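Asks: The opening position of the sequence shown corresponds to residue 82 in the working numbering, with each subsequent residue numbered one higher. Backbone N, C-alpha and C define an ideal beta-carbon position, used for all residues, glycine too. This structure is a prediction, so every number in the text was calculated from the model and none was measured.
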Amino acid sequence: MGKKTIRTGIVGAGFAATFHFNCLQKVHGTNVEVEGVFATDTAQAAGYSKQRGIEACKSLEELIEKVDVVHVCTPPVAHEPIALAALERDKFAIVEKPLTGYFGDGSEDFNGETFPKADALNHSLASIERMLAAEKKSKARILYAENWVYAPSIQKEREIIEKTGAQILWIHGEEAHSGSHAHTYAFWKFSGGGVMIGKGCHPLTAALYLKRVEGNARNAGPIRPKSVSARTHAITRLDNFQDKGHIRCDYHDIDDFSLMHVVFEDGTIADIFASDIILGGIHNWLEVAANNHRTICNINPNTAMRTYNPAEEYFKDIYVVEKTGTKQGWSMPSPDEDWFTGYPQEMEAFYRTLAYGERPESDSRLAADAISTIYSAYVSAEKSGAEVAVKTF
Ligand SMILES: NC(=O)c1ccc[n+]([C@@H]2O[C@H](COP(=O)([O-])OP(=O)(O)OC[C@H]3O[C@@H](n4cnc5c(N)ncnc54)[C@H](O)[C@@H]3O)[C@@H](O)[C@H]2O)c1
Numbered sequence: 082m083g084k085k086t087i088r089t090g091i092v093g094a095g096f097a098a099t100f101h102f103n104c105l106q107k108v109h110g111t112n113v114e115v116e117g118v119f120a121t122d123t124a125q126a127a128g129y130s131k132q133r134g135i136e137a138c139k140s141l142e143e144l145i146e147k148v149d150v151v152h153v154c155t156p157p158v159a160h161e162p163i164a165l166a167a168l169e170r171d172k173f174a175i176v177e178k179p180l181t182g183y184f185g186d187g188s189e190d191f192n193g194e195t196f197p198k199a200d201a202l203n204h205s206l207a208s209i210e211r212m213l214a215a216e217k218k219s220k221a222r223i224l225y226a227e228n229w230v231y232a233p234s235i236q237k238e239r240e241i242i243e244k245t246g247a248q249i250l251w252i253h254g255e256e257a258h259s260g261s262h263a264h265t266y267a268f269w270k271f272s273g274g275g276v277m278i279g280k281g282c283h284p285l286t287a288a289l290y291l292k293r294v295e296g297n298a299r300n301a302g303p304i305r306p307k308s309v310s311a312r313t314h315a316i317t318r319l320d321n322f323q324d325k326g327h328i329r330c331d332y333h334d335i336d337d338f339s340l341m342h343v344v345f346e347d348g349t350i351a352d353i354f355a356s357d358i359i360l361g362g363i364h365n366w367l368e369v370a371a372n373n374h375r376t377i378c379n380i381n382p383n384t385a386m387r388t389y390n391p392a393e394e395y396f397k398d399i400y401v402v403e404k405t406g407t408k409q410g411w412s413m414p415s416p417d418e419d420w421f422t423g424y425p426q427e428m429e430a431f432y433r434t435l436a437y438g439e440r441p442e443s444d445s446r447l448a449a450d451a452i453s454t455i456y457s458a459y460v461s462a463e464k465s466g467a468e469v470a471v472k473t474f
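If you want it as structure tokens, here you go:
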């Protein structure tokens with residue numbers, strides 16, 4: 082039997098749209114035809130389409146008409162309307178993280194620090210409900226682009242949990258680096274929060290996923306989050322922060338450090354750190370303390386390769402690893418960073434769902450639990466860490 086062909090559209094033409102397109106070139110279970118791109122930054126969309134020999138569509142609707150699936154690679158504020166537009170026409174939506182959120186009251190000068198966080202929780206739960214309802218009505222589905230679920234180290238841990246019947250007692254994990262590149266990231270009204278959602282969603286969703294795997298392996302159903310206690314801080318906006326030029330520090334109204342302490346319904350726990358204050362490249366890891374084993378998943382960096390370079394200029398044309406400040410001295414070049422990060426595996430899996438109906442590991446329910454946990458965590462942080470119940474879907 083020949084491979085099925087999937088017609089694809091990309092929404093957004095920035096960083097995520099770039100790695101999505103690159104990973105589409107590596108999908109081999111299906112044929113992929115990229116029909117076009119649409120982005121509100123028309124100049125960026127024109128450059129993106131020209132470079133890749135695809136059409137720049139004039140509207141979202143025009144793009145959706147042509148395709149079976151859209152990749153939602155826009156800032157989080159636009160995820161819900163674009164996903165709904167696709168689902169209403171029975172087209173799949175591959176939605177980047179975070180699934181959705183609360184982006185303020187629409188006022189130009191909305192301040193993410195001063196509004197009651199219960200509003201953010203209520204609005205984001207309502208957004209999730211709208212997205213889940215649209216998915217239920219549609220012939221298509223939401224595929225949640227949480228690459229940590231597909232990272233090879235997390236998938237190896239899934240195998241260990243499933244085959245050994247492990248009970249996970251404690252997960253701790255972190256996503257951190259020296260600051261996101263996107264201009265819009267600095268504003269709550271575009272990002273739906275700060276680092277707790279922007280980066281914290283990655284290790285949190287991996288933790289929720291592994292507890293789901295654990296419960297399903299025992300035929301008991303997923304083990305869901307029950308409550309969360311959290312702290313957030315804005316370290317780079319402290320009056321006494323001394324800027325040496327290595328850490329991004331122009332955030333407007335968002336947190337740049339966060340800690341979530343999650344209690345699951347079986348009483349076990351996860352501690353999730355996220356920050357924008359870490360030098361030395363991306364720091365993405367997850368550790369699992371189980372009743373029968375202990376695993377450390379190093380997503381980035383890892384020691385597949387270690388290189389000593391005595392002079393910066395030797396490596397001027399060499400990509401080493403994301404967000405390192407220098408290539409001189411010892412470094413850990415990633416021979417295939419996308420692979421360790423889970424991007425191509427995620428794309429392959431989604432296209433197998435599209436073509437052959439395979440069940441996605443990262444779906445709207447997992448995304449919904451992550452969003453619900455994170456906004457409950459913002460409510461907790463507002464109360465200096467008081468325990469807040471998490472609603473699950
Ligand atoms: N999984 C990951 O590792 C990862 C990494 C980076 C970004 N992301 C996610 O990808 C998404 C995009 O982030 P980015 O870094 O690519 O941002 P970006 O600023 O680089 O690009 C955003 C693009 O979206 C377009 N856009 C904005 N609003 C739009 C709308 N309403 N309709 C159509 N196009 C619109 C812009 O014109 C731009 O081309 C975010 O949700 C982000 O969290 C995920």
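Would you say the beta carbon of Thr181 is closer than 7 Å to some non-hydrogen atom of ligand 1?
Replies: Incorrect: Thr181 has no Cβ contact closer than 7 Å to ligand 1.
Asks: Could you check whether the segment 258 to 269 touches the segment 321 to 331, counting it as contact only if at least three pairs of C-beta atoms, one from each stretch, sit closer than 8 Å?
Replies: Output reads yes: the segment 321 to 331 touches the segment 258 to 269.
Asks: Extract the residue ranges of the alpha helix (DSSP H) inside the segment 168 to 254, only unbroken runs of 4 or more that lie entirely within it.
Replies: Qualifying alpha helix (DSSP H) stretches, in chain order: 198 to 218, 228 to 231, 233 to 245.
Asks: How many angstroms separate the CA atom of Gln125 from the CA atom of Phe268?
Replies: Their Cα atoms are separated by approximately 21 Å.
Asks: Residue range of the beta strand (DSSP E) that Lys307 falls in?
Replies: Looking at the DSSP string, the run of the beta strand (DSSP E) that includes Lys307 is 306 to 314.
Asks: Cα separation between Ser339 and Gly83?
Replies: Their Cα atoms are separated by approximately 49 Å.
Asks: Helix, strand or coil for Gly279 per DSSP?
Replies: If DSSP states are grouped into helix, strand and coil, Gly279 belongs with the helices.
Asks: For Thr422, collect the residues of the same chain with a Cβ closer than 7 Å to its Cβ; drop the 5 residues on either side in sequence, then sort them by chain order.
Replies: Only Asn228, Ala232, Ile380, Asn381 meet the Cβ criterion.
Asks: Work out the CA separation of Ser461 and Glu161 for me, nearest whole Å.
Replies: Cα to Cα, Glu161 sits roughly 25 Å from Ser461.
Asks: Give the straight-line distance between the Cα atoms of Arg299 and Gly246, rounded to the nearest whole angstrom.
Replies: Using only the alpha carbons, I get a separation of about 7 Å.
Asks: Drop a sphere of 10 angstroms on the beta-carbon of Val391, count the other beta-carbons inside from all chains shown, and report buried for 16 or more, exposed for fewer.
Replies: First, the amino acid is wrong: residue 391 is Pro here, not Val. Exposed, since its Cβ has fewer than 16 Cβ neighbours within 10 Å.
Asks: Looking at the strands, I want to know which residues DSSP matches up with Gly90.
Replies: DSSP, once it has assigned bridges, lists Gly117, Val151 as partnering Gly90.
Asks: Sorted by chain position, which residues of the same chain lie with C-beta nearer than 7 Å to Lys404's C-beta, five sequence neighbours on each side aside?
Replies: Taken in chain order, the residues that qualify are His258, Ser259, Gly362, Ile363.
Asks: Is the closest heavy atom of ligand 1 to the C-beta of Ala337 under 7 Å?
Replies: Reading the sequence as shown, one finds Asp at residue 337 and not Ala. No, the Cβ of Asp337 stays beyond 7 Å of every heavy atom of ligand 1.
Asks: Please list, in chain order, all residues of the same chain as Glu295 whose beta carbon is under 8 Å from its beta carbon, the five residues on each side excluded.
Replies: Cβ neighbours of Glu295 beyond the five flanking positions: Ile242, Ala247, Gln248, Ile249, Ile304.
Asks: Compute the distance between the beta-carbons of Val92 and Phe119, then report whether it is under 8 Å.
Replies: Taking 8 Å as the Cβ cut-off, Val92 and Phe119 qualify as a contacting pair.
Asks: Apply the 10 Å Cβ neighbour rule to Met212 and answer buried if 16 or more other Cβ atoms are within range, or exposed otherwise.
Replies: Buried, because 16 or more other Cβ atoms sit within 10 Å of the Cβ of Met212.
Asks: Taking 8 Å as the cut-off, decide whether the C-beta atoms of Tyr183 and Gly273 are in contact.
Replies: Yes.
Asks: Starting from His258, follow the alpha helix (DSSP H) in both directions and report where the run begins and ends.
Replies: Segment: none, His258 is in no alpha helix (DSSP H) and carries neither H nor E.
Asks: Is it buried or exposed, Glu255, if we count other Cβ atoms within 10 angstroms and call 16 or more buried?
Replies: Buried, since its Cβ has 16 or more Cβ neighbours within 10 Å.
Asks: Tell me whether the segment 274 to 283 and the segment 172 to 179 touch, counting them as touching only if at least three CB pairs, one residue from each stretch, are closer than 8 Å.
Replies: They touch, by the three-pair rule.
Asks: Spatial neighbours of Ser238 within its chain, please: CB distance less than 7 Å, with the 5 preceding and 5 following residues excluded, ordered by chain position.
Replies: With the sequence shown as reference, residue 238 is identified as Glu, and Ser is not the correct amino acid for it. Around Glu238: Leu291, Val369, Thr376, Cys378.
Asks: What do you reckon, are the CB atoms on Lys198 and Glu468 nearer than 8 Å?
Replies: It is not a contact, given that the beta carbons lie outside the stated cut-off.
Asks: For ligand 1, is there any heavy atom lying closer than 7 Å to the beta carbon of Ala120?
Replies: For ligand 1, at least one heavy atom lies less than 7 Å from the Cβ of Ala120.
Asks: Whose C-alpha, out of Asp347, Thr123, Ala355, Tyr456, is nearest the C-alpha of Ile316?
Replies: Out of Asp347, Thr123, Ala355, Tyr456, Ala355 has the C-alpha closest to the C-alpha of Ile316.
Asks: By how many angstroms is the C-alpha of Tyr395 removed from the C-alpha of Lys172?
Replies: Their Cα atoms are separated by approximately 48 Å.
Asks: Note down, in chain order, each residue of its chain lying with its Cβ closer than 6 Å to the Cβ of Ala311, except the 5 sequence neighbours on either side.
Replies: If we look at Ala311 and ignore the five residues flanking it on each side, its Cβ neighbours are Met341, Ala458, Ser461, Ala462.
Asks: With a threshold of 7 Å, establish whether the CB of Phe431 neighbours any heavy atom of ligand 1.
Replies: The answer is no for Phe431.
Asks: Let's see if you can read the secondary structure: which residues bound the beta strand (DSSP E) around Gly410?
Replies: That run of the beta strand (DSSP E) goes 410 to 412.
Asks: Do Cys154 and Ala97 have their C-beta atoms closer together than 8 Å?
Replies: Contact: yes.
Asks: Using beta-carbon positions only, say whether Tyr437 and Trp411 come within less than 8 Å of one another.
Replies: For Tyr437 and Trp411, no; Cβs fall outside 8 Å.
Asks: Could you check which residue in His204, His314, Ile252, Lys107 has the C-alpha nearest to that of His374?
Replies: With distances taken between Cα atoms, His374 lies closest to Ile252.
Asks: Assign Tyr459 to one of three DSSP states: helix, strand, or coil.
Replies: DSSP places Tyr459 in helix when its eight states are reduced to three.
Asks: Asp347 bridges to which residues according to DSSP?
Replies: Note: Asp347 sits in no beta bridge, so no partner.
Asks: State the beta-bridge partners of Leu144 as determined by DSSP.
Replies: Answer by DSSP bridge pairing: none, since Leu144 is not bridged.
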